[in-house]
Amino acid sequence: MYTQAMDIPDPAQPAPATPDLADPAQLARFEAVLSGGGRIEAQDWMPAAYRKTLLRQISQHAHSEIVGMLPEGNWISRAPSLKRKAILIAKVQDEGGHGLYLYGAAETLGARRADLIDALLAGRAKYSSIFNYPTLGWADVGVIGWLVDGAAIMNQIPLCRCSYGPYARAMIRICKEESFHQRQGYEALLVMMRGTGAQRRMVQDAVDRWWWKCLAMFGPPDADSEHGAQSMRWGIKRMGNDELRQKFIDATVPQAQILGVTLPDPQLKWNDERGHYDHGPIDWEEFRSTLAGDGPCNRERIATRAEAHENGRWVREAALAHARKQQQRAQGAGT
Ligand code: 3HC
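The C-terminal residue of the sequence shown carries number 849 in the working numbering, and the numbering is unbroken.
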């Protein structure tokens, strides 16, 4: 789905072998498309390493959207009003939809969705570090919208120009929806900041807990980014991790001032010479340990996903049985 190309590879078949240098003419065409700013489509020849890195990134992104439903989904039954509950339900459903577009984009590369999900549940696939932290209060829901979705948009807008067509097109709709997510979070926080002292303290506490995690979300510094340089050469990523992180900080500081919260970084300071905000050091040790599975909620998140997957088994089986029956009927009618 969401490929806008009907002739996608059969997901039942393994990904076609595309040895990198099999055909210099194909490689030259691929390079020419990239250097001309064009798009590679699902049916086009691509180097195996390009396919592999796309699959890695797109599937991690899909997993992030699906696991990302959990921290906020936790608050649907405790939203403070009907309006906030309706907004939150819509937002969490959107994230589920994003996961589906992205699994669809991964399938155009020859992956099987069931294998991708197995890899997530078995702990072989990554998803965003940010979803391994707990949502302790209602203000966390607003802060996730403002900061987490704000960081996600900053990272994802350049992906609308990704060189792989199905991924780029999926990102356009995702970014539009993320923009609503960011605004609803900011608006919810504005309301709390105009409320009681206790509400303002809740917002500040949530900002203190999420700020540094959001900065780490952009990935390791460029110097330590294993895939960054190659992904930029291929036009998969259009900006480096550090540049996006800086753009996010620069955009967020004025928003924090309007909101009336303090960002928890004593070294955060405008630098006239650079034309950017300077910031303090990010705790990369903590980031690495969260990626390794030792964040506060890693085990809980995967266990919840595994349970949901198991509970949905009968739905998948029923849908497949129905599809098979329809197919048999259609074949019967054709003979
Ligand atoms: N969380 C988990 N893993 C991360 C990470 C993070 N925040 N940042 C980097 N990593 C991982 C990489 O996946 C890579 O691991 P791998 O080799 O096992 O795949 C390793 O750390 C090294 O990092 P690199 O910089 O070399 O990796 P990339 O070049 O792939 O850059 C990225 C990382 C910037 C996250 C890039 O993959 C990307 O832009 N991905 C698409 C966007 C995405 O996945 N966003 C996740 C959040 S989605 C979301 O927030 C949903 C929304 O609704 C809130």
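We put the beta carbon where it would ideally sit given N, CA and C, even for glycine.
(request) State the start and end residues of the unbroken beta strand (DSSP E) segment that holds Tyr791. (result) Locating residue 791 in the sequence shown gives position 277, counting from the first residue. Element bounds for Tyr791: 790-792.
(message) Measuring only the C-alpha atoms, how far is Arg827 from Ala628?
(response) For the purposes of this step, residue 827 is taken as the residue at position 313 of the sequence shown. For the purposes of this step, residue 628 is taken as the residue at position 114 of the sequence shown. C-alpha separation (whole angstroms): 12 Å.
(request) Assign Trp726 to one of three DSSP states: helix, strand, or coil. (result) The count along the sequence shown starts at 1 and reaches residue 726 at position 212. Helix, per DSSP.
(request) Starting from Pro784, follow its DSSP beta bridges and name the residues at the other end. (result) Translated into positions along the sequence shown, residue 784 becomes position 270. In the sequence under discussion, the amino acid at residue 784 is Trp, which differs from the Pro named in the question. Bridge partners of Trp784: Tyr791.
(request) May I ask you to check if the CB of Ile644 is nearer than 7 Å to at least one heavy atom of the ligand 3HC? (result) Here residue 644 corresponds to residue number 130 of the sequence shown, with the count starting at 1. Because some heavy atom of the ligand 3HC lies under 7 Å away, the Cβ of Ile644 counts as near it: yes.
(request) Decide if Ala563 is buried, meaning its Cβ has at least 16 other Cβ atoms within 10 Å, or exposed. (result) Residue mapping note: residue 563 aligns to position 49 of the sequence shown, counting from 1. With fewer than 16 Cβ atoms within 10 Å of its Cβ, Ala563 is classed as exposed.
(request) Pick helix, strand or coil for Ile658, following the three-state DSSP scheme. (result) Locating residue 658 in the sequence shown gives position 144, where the first residue counts as 1. Note: Ile658 maps to helix in three-state DSSP.
(message) Please tell me whether, using a cut-off of 7 Å, the distance from the CB of Glu740 to the nearest non-hydrogen atom of the ligand 3HC is below it.
(response) Taking the sequence shown and counting its residues from 1, one reaches residue 740 at position 226. Residue side-chain check: Glu740 places its Cβ nearer than 7 Å to a non-hydrogen atom of the ligand 3HC.
(request) Could you please give the first and the last residue of the uninterrupted alpha helix (DSSP H) stretch that includes Ile671? (result) Along the sequence shown, one-based indexing puts residue 671 at 157. Under the DSSP assignment, Ile671 falls outside any alpha helix (DSSP H); it carries neither an H nor an E label.
(message) Can you tell me whether Leu568 sits near the ligand ZN, meaning its C-beta is under 7 Å from at least one heavy atom of the ligand?
(response) No copy of the ligand ZN occurs in the structure displayed; its ligands are the ligand 3HC alone.
(request) Quick one: give me the first and last residue of the alpha helix (DSSP H) that Trp798 is part of. (result) Here residue 798 refers to the residue found at position 284 of the sequence shown. First-last of the alpha helix (DSSP H) with Trp798: 798-803.
(message) Relative to the C-alpha of Gly749, which candidate in Leu614, Gly809, Gly552, Leu541 has its C-alpha closest?
(response) Reading the sequence shown from its first residue, position 235 is the one you call residue 749. If we check each option's Cα against that of Gly749, Gly552 comes out closest.
(request) Output the distance between the C-alpha atoms of Glu621 and Ala556, rounded to the nearest integer angstrom. (result) For this step, residue 621 is matched to residue 107 along the sequence shown. For this step, residue 556 is matched to residue 42 along the sequence shown. Pairing Glu621 with Ala556, the inter-Cα distance amounts to about 9 Å.
(message) Are there any heavy atoms of the ligand 3HC lying less than 7 Å away from the beta-carbon of Val657, as far as the coordinates show?
(response) Working through the sequence shown from its first residue, we reach residue 657 at position 143. Val657 Cβ: outside cutoff for every heavy atom of the ligand 3HC.
(message) Assuming contact is defined by CB atoms lying nearer than 8 Å, are Ile590 and Lys599 in contact in what I supplied?
(response) In the sequence shown, residue 590 corresponds to position 76, counting from 1. In the sequence shown, residue 599 corresponds to position 85, counting from 1. Yes; because the gap between Cβ atoms is below 8 Å, this pair is in contact.
(message) Suppose you measure from the CA of Ser549 to the CA of Arg543; what does that come to, to the nearest Å?
(response) Within the sequence shown, residue 549 is the residue found at index 35, counting from 1. Within the sequence shown, residue 543 is the residue found at index 29, counting from 1. Rounded to whole angstroms, the gap between the alpha carbons of Ser549 and Arg543 is 10 Å.
(message) Going by DSSP in three states, Ile750 sits in which element: helix, strand or coil?
(response) Position 236 of the sequence shown holds residue 750. When secondary structure is reduced to three states using DSSP, Ile750 falls in the coil class, being assigned neither helix nor strand.
(message) Are the CB atoms of His612 and Gln659 within a distance shorter than 8 Å?
(response) In the sequence shown, residue 659 corresponds to position 145, counting from 1. In the sequence shown, residue 612 corresponds to position 98, counting from 1. One point to set straight first is that residue 659 is Gly, not Gln, in the sequence displayed. The Cβ atoms of Gly659 and His612 do not sit closer than 8 Å to each other.
(message) Mapping the DSSP letters down to three states, classify Tyr678 as helix, strand or coil.
(response) As a working note, residue 678 is residue 164 in the sequence shown. The answer is strand: DSSP assigns Tyr678 an E or B state.
(message) Considering only heavy atoms of the ligand 3HC, does any lie closer than 7 Å to the CB of His823?
(response) As a first step, residue 823 is located in the sequence shown; it is residue number 309 there, counting from the start. Outside the cutoff, so no.
(message) Please report the distance separating the alpha-carbon of Pro530 from that of His836.
(response) Taking the sequence shown and counting its residues from 1, the one referred to as residue 530 is at position 16. Taking the sequence shown and counting its residues from 1, the one referred to as residue 836 is at position 322. Note that Pro530 scores a pLDDT of 49, beneath 50, so its modelled location is shaky; the value from the coordinates is reported in the next line. Spanning the alpha carbons of Pro530 and His836 requires a straight line of approximately 29 Å.
(message) Quick test of your reading: Leu661 and Trp726, contact by CB under 8 Å. State the CB separation rounded to the nearest angstrom.
(response) Position 147 of the sequence shown, counted from the start, is the residue given in the question as residue 661. Position 212 of the sequence shown, counted from the start, is the residue given in the question as residue 726. That pair is no contact at about 10 Å.
(message) In the DSSP assignment, the alpha helix (DSSP H) including His612 goes from what residue to what residue?
(response) The residue labelled residue 612 in the question sits at position 98 within the sequence shown. Per DSSP, His612 belongs to the alpha helix (DSSP H) from 596-621.
(request) Closer than 6 Å by C-beta to Met515: which residues in its own chain qualify, once you throw out the five before and the five after it? Chain order, please. (result) Translated into the one-based positions of the sequence shown, residue 515 becomes position 1. With a pLDDT of only 38 at Met515, under the threshold of 50, the placement of this residue in the model should not be trusted, and no figure is reported.
(message) Considering only their Cβ atoms, is the gap separating Leu635 from Ile816 smaller than 8 Å?
(response) Your numbering for residue 816 matches position 302 in the sequence shown. Your numbering for residue 635 matches position 121 in the sequence shown. Closer than 8 Å, so yes.
(request) Please state if the CB of Leu616 and the CB of Ala665 are separated by a distance shorter than 8 Å. (result) The count along the sequence shown starts at 1 and reaches residue 665 at position 151. The count along the sequence shown starts at 1 and reaches residue 616 at position 102. 8 Å or more divides the Cβ of Ala665 from the Cβ of Leu616.
(message) How far does the alpha helix (DSSP H) with Ile772 in it extend, from its first residue to its last?
(response) Within the sequence shown, the letter at position 258 stands for residue 772. Unbroken alpha helix (DSSP H) run through Ile772: 755-773.
(message) Measuring straight from C-alpha to C-alpha, what distance separates Val655 and Pro538?
(response) Sequence index remark: in the sequence shown, residue 655 carries index 141 (1-based). Sequence index remark: in the sequence shown, residue 538 carries index 24 (1-based). C-alpha separation (whole angstroms): 52 Å.
(request) Report buried or exposed for Pro768, applying the criterion of at least 16 other Cβ atoms within 10 angstroms of its Cβ. (result) What you label residue 768 is simply residue 254 of the sequence shown in a count that begins at 1. Its Cβ having fewer than 16 others within 10 Å, Pro768 is exposed.
(message) I'd like to check one pair, Gly699 with Asp663: are the Cβ atoms closer than 8 Å?
(response) Here residue 663 is taken as the residue at index 149 of the sequence shown, counted from 1. Here residue 699 is taken as the residue at index 185 of the sequence shown, counted from 1. Result yes, Cβ atoms of Asp663 and Gly699 sit closer than 8 Å.
(request) Along the alpha helix (DSSP H) that carries Asp629, what are the first and last residues, could you check? (result) Locating residue 629 in the sequence shown gives position 115, where the first residue counts as 1. That run of the alpha helix (DSSP H) goes 627-635.
(message) So, at 7 Å on beta carbons, what are the nonlocal neighbours of His741 in its own chain, with the 5 sequence-adjacent residues on each side left out?
(response) The residue labelled residue 741 in the question sits at position 227 within the sequence shown. Closer than 7 Å at the Cβ level, and outside the excluded window around His741, lie Thr567.
(request) Starting from Ile554, follow its DSSP beta bridges and name the residues at the other end. (result) On the sequence shown, position 40 is the one that residue 554 refers to. Tyr678, per the DSSP bridge assignment.
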